[in-house]
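S.K.:
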């Protein structure tokens, strides 16, 4: 056996979190400078509180000290967050695996258990004896590994990828030390004739879930009683496929243990007090995203909250999904080292009677904000008192124009940015001042600074300039230069091919203008339905790439259920809750007499997930009256018969907010394009706020701001003032025949539905 190397570990305990793309302030530069000096300095003294003397090198041994830090952010503008429990950063057991480079790849050689593991203050120390070698090696630290090595013993000579993917521990709930992983490449090998010092950063191999209660004024009372995690994987893969870099570890995709199964039994956590503000610290393995709608319902990992609704003594159960609605976090995906905060904002009705039913049903009657907080150390560069750091070296945008992403910057030196061409050569102008914007044809980047931010804090805001309707991503690089440092940020705009199998579920109420069932002849709004069914328009190969639509209907009588009447009424109400919860788009048509109770269910459905769109008919005084009472902040709708606003409509004046509806993807809607009426019945709104964008307005002089069709893009609500707008004489005869988009109004309605689909898919 070769010379032995003794490795000593000093593990700092600190886990703070950041939210989304925002970040926390950088740690003390003095502390960082000290850490850097330790990498190159002489021997450091033993912590006197440890009670153990420093180990002297024996014959053929050298002392190697590793400072192993659990992940902590050092990003600008960090949101206030408390340190997590000591157990979430503590290293109780550690095994070091040695991979030696041979023939250009790393092969497994041996492993050794950490000895004399001891915790003192903020440091955990251990020693491990390893054979020395002059060849390049990689040390892999597997911490708090549980039964991982009882189930798998790597064979000497195994390639690194094989070993990485097979190190996993069982999961049926986790309350002790969390599994973590870190690695460090040693190009000069393990030397037995010198002292070695290295920094190693760890990633936790699990995610954390917190369920908190922060009820809005409009919510009914609610007490959290218990929280379940349904369908977590039964294995934790400790070593990820890709952790970025050893210096700044992070993941952007899950690494699921091969052969892992969805747990048959949920993980249950009971509230520790009668009315807790939160149930926090629930840990679970990574999970892959689910794109198939059926799998999202029955296979995706989800949370179920059991609580007491409106003073009741029995528990009601509500499903909450991992669906924060931001780029890089598709439905059902769970990433290691992330903290998912589910903040309950509003509970508007009873939930399901048991958790199993809730776990296989769509979320309903509860409005939840979901945040994904990443916990990692940013890309930072230091030299003396000068530094330059960014929160990310890559950003991803959806395929729709106008999608944005932000990278935070902290710098003590002036910096500038410039786009690179495909060959990596700087091109175009340079920006260095707040407010300056650079474009490269595909993307724009602007330098910004938040109000009240310090001089060292700024951000880069990236935006896609045009839709990408190809089957390939669009990429570009931005060069950041400051002081003596130069590095690039990669910007990627996705493409719509990922939605080729996505089915959008649409529910409408049986009335004038409805979209029918999957049998199109049942639709009152047949021309609009045929536009949606035409494969040239909406399909895997259409103008809007999508798997298609699934249409269903509800009757006016069903929409009047209250859940408080007869047994039959309660059964209908329950059925409608389930039906509403399963939809992506709900169209409450002309003259829908929705009950107050179901109106609240619909609003909770809309607010529970960012990929849902509500279309509200307003065509009589009673149309959706119980719902519209909750939407008065979007304006007051008035019903007219042979009204003084006339019988003709036209396209609204173009603004930045509505330009998309008049231009893409089905073509341009001419300025002031007329919309012919079939009757003199309609509803109008003239007191709408700026967040509501008019699309169709009155043609009477002086009434150009009086809308009949408008969109609240923020809340994902479409207002439809005339039930006949989906019918013939509004849409063209070609649309009525086969769904061909021909006229200006055809294009407007097709563009509106393109926007709806893009919001459902998370691309808009």
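Numbering (this note's numbering), first residue to last: 37 to 800. Even for Gly, the Cβ is constructed at its ideal location relative to N, Cα and C.
For the 8 Å Cβ check, are there 3 or more pairs between the segment 304–311 and the segment 250–264?
M.R.: Result yes; three or more Cβ-Cβ pairs closer than 8 Å.
S.K.: Using the C-alpha atoms, what's the distance from residue 567 back to residue 553?
M.R.: Roughly 15 Å between the two C-alpha positions.
S.K.: Is the number of C-beta pairs between the segment 398–408 and the segment 458–474 that are closer than 8 Å three or more?
M.R.: Too few Cβ pairs lie closer than 8 Å, so no.
S.K.: If you drop the 5 nearest sequence neighbours on each side, which residues of the same chain put their C-beta closer than 7 Å to that of residue 532?
M.R.: Answer for residue 532: 435, 505, 581 and 799, listed in chain order.
S.K.: Who are the Cβ neighbours of residue 546 in its own chain at under 6 Å, not counting the five residues just before and after it?
M.R.: Cβ neighbours of residue 546 beyond the five flanking positions: 589 and 591.
S.K.: So, do the segment 726–736 and the segment 524–542 have three or more beta carbon pairs nearer to each other than 8 Å?
M.R.: They do not touch, by the three-pair rule.
S.K.: In angstroms with no decimal places, state the Cα-to-Cα distance between residue 164 and residue 145.
M.R.: If I take the Cα positions, the gap works out to 15 Å.
S.K.: Would a check of beta-carbon distances place residue 422 closer than 9 Å to chain B?
M.R.: Among the chains of the structure shown, chain B does not appear; only one protein chain is present.
S.K.: Roughly how many angstroms separate the alpha carbons of residue 332 and residue 251, rounded to a whole number?
M.R.: Approximately 27 Å, taken between the alpha carbons.
S.K.: Please look up how many angstroms separate the CB atoms of residue 744 and residue 736, rounded, as I've assumed it's under 8 Å.
M.R.: At roughly 12 Å, the Cβ-Cβ gap does not stay under 8 Å, so residue 744 and residue 736 are not in contact.
S.K.: Count the other C-beta atoms from every protein chain shown that fall within 10 angstroms of the C-beta of residue 466, then say buried if there are 16 or more, exposed otherwise.
M.R.: With fewer than 16 other Cβ atoms within 10 Å, it is exposed.
S.K.: With respect to the beta strand (DSSP E) encompassing residue 258, which residues constitute its N-terminal and C-terminal limits?
M.R.: Taken as a continuous stretch (DSSP letters only), the beta strand (DSSP E) holding residue 258 covers 258–266.
S.K.: Could you spell out the range, first to last residue, of the alpha helix (DSSP H) harbouring residue 146?
M.R.: Premise fails: residue 146 lies in the beta strand (DSSP E), 141–149, not in any alpha helix (DSSP H).
S.K.: Please confirm whether residue 203 and residue 228 have their CB atoms less than 9 Å apart.
M.R.: Not in contact: residue 203 and residue 228 (Cβ atoms no closer than 9 Å).
S.K.: Helix, strand or coil: which one does DSSP assign to residue 357?
M.R.: Here residue 357 sits in strand by DSSP.
S.K.: Closest to residue 324 by C-alpha separation, out of 342, 302, 365 and 392, would be which residue?
M.R.: Taking only the C-alpha atoms, the option nearest residue 324 is 365.
S.K.: Excluding the 5 residues flanking residue 67 on each side, which residues of the same chain have their C-beta closer than 7 Å to its C-beta?
M.R.: Note that residue 67 has pLDDT 32, beneath the 50 cutoff, so the model's placement of it is unreliable and the number below is only indicative. No residues qualify anywhere along the chain.
S.K.: Can the beta-carbon of residue 175 be found less than 9 Å from the beta-carbon of residue 133?
M.R.: Cβ distance < 9 Å, so residue 175 and residue 133 count as in contact.
S.K.: In this structure, what does DSSP give as the bridge partners for residue 587?
M.R.: 542.
S.K.: In angstroms, rounded to a whole number, what distance separates the CA positions of residue 485 and residue 430?
M.R.: Approximately 20 Å, taken between the alpha carbons.
S.K.: Should residue 805 go down as buried or exposed, given a rule of 16 or more other Cβ atoms within 10 Å for buried?
M.R.: The requested residue 805 is not part of the displayed model; the chain covers only 37 to 800.
S.K.: Taking the straight line between their C-alpha atoms, what separation do you get for residue 162 and residue 129?
M.R.: In a straight line, the C-alpha of residue 162 is about 9 Å away from that of residue 129.
S.K.: In this structure, what does DSSP give as the bridge partners for residue 651?
M.R.: According to DSSP, which records beta bridges pairwise, residue 651 is partnered with 623 and 754.
S.K.: Mind pulling the beta strand (DSSP E) runs of 3 or more residues that sit fully within the segment 504–583?
M.R.: You should have 510–518, 521–529 and 539–545.
S.K.: Quick check: residue 499 and residue 439, are their CB atoms within less than 9 Å of each other?
M.R.: It is a contact, given that the beta carbons lie within the stated cut-off.
S.K.: Compare the Cα-Cα distances from residue 615 to each of 507, 638 and 125 and report the closest residue.
M.R.: Comparing Cα positions, the closest option is 638.
S.K.: What would DSSP say about residue 617, mapped onto helix, strand or coil?
M.R.: Note: residue 617 maps to helix in three-state DSSP.
S.K.: How about residue 350 and residue 339: do their beta carbons lie closer than 9 Å?
M.R.: Their beta carbons are not under 9 Å apart, which means residue 350 does not touch residue 339 by this criterion.
S.K.: Here's the rule: buried if 16 or more other CB atoms are within 10 angstroms of the residue's CB, otherwise exposed. What is residue 518?
M.R.: The residue is buried, with at least 16 neighbouring Cβ atoms inside 10 Å.
S.K.: In the DSSP assignment, find the unbroken alpha helix (DSSP H) run with residue 730 in it and report its ends.
M.R.: It is not in any alpha helix (DSSP H) - residue 730 instead sits in the beta strand (DSSP E) that spans 728–734.
S.K.: Using 10 angstroms around the beta-carbon of residue 626, count the other beta-carbons present and answer buried if the total reaches 16, otherwise exposed.
M.R.: The residue in question, residue 626, is buried, as its Cβ has 16 or more Cβ neighbours within 10 Å.
S.K.: Are the Cβ atoms of residue 451 and residue 445 separated by less than 9 Å?
M.R.: Their beta carbons are under 9 Å apart, which means residue 451 touches residue 445 by this criterion.
S.K.: Roughly how many angstroms lie between the CA atoms of residue 783 and residue 775, to the nearest whole one?
M.R.: Between residue 783 and residue 775, the C-alpha separation is close to 11 Å.
S.K.: Apply the 10 Å Cβ neighbour rule to residue 752 and answer buried if 16 or more other Cβ atoms are within range, or exposed otherwise.
M.R.: Counting Cβ neighbours within 10 Å, residue 752 comes out buried, since at least 16 surround it.
S.K.: May I ask you to verify whether the segment 287–301 touches the segment 379–388, counting CB pairs closer than 8 Å and requiring at least 3?
M.R.: No: the two stretches stay apart, fewer than three of their Cβ pairs being nearer than 8 Å.
S.K.: So, is residue 671 buried or exposed, given that buried needs 16 or more other C-beta atoms within 10 angstroms?
M.R.: By the 10 Å Cβ count, residue 671 comes out buried.
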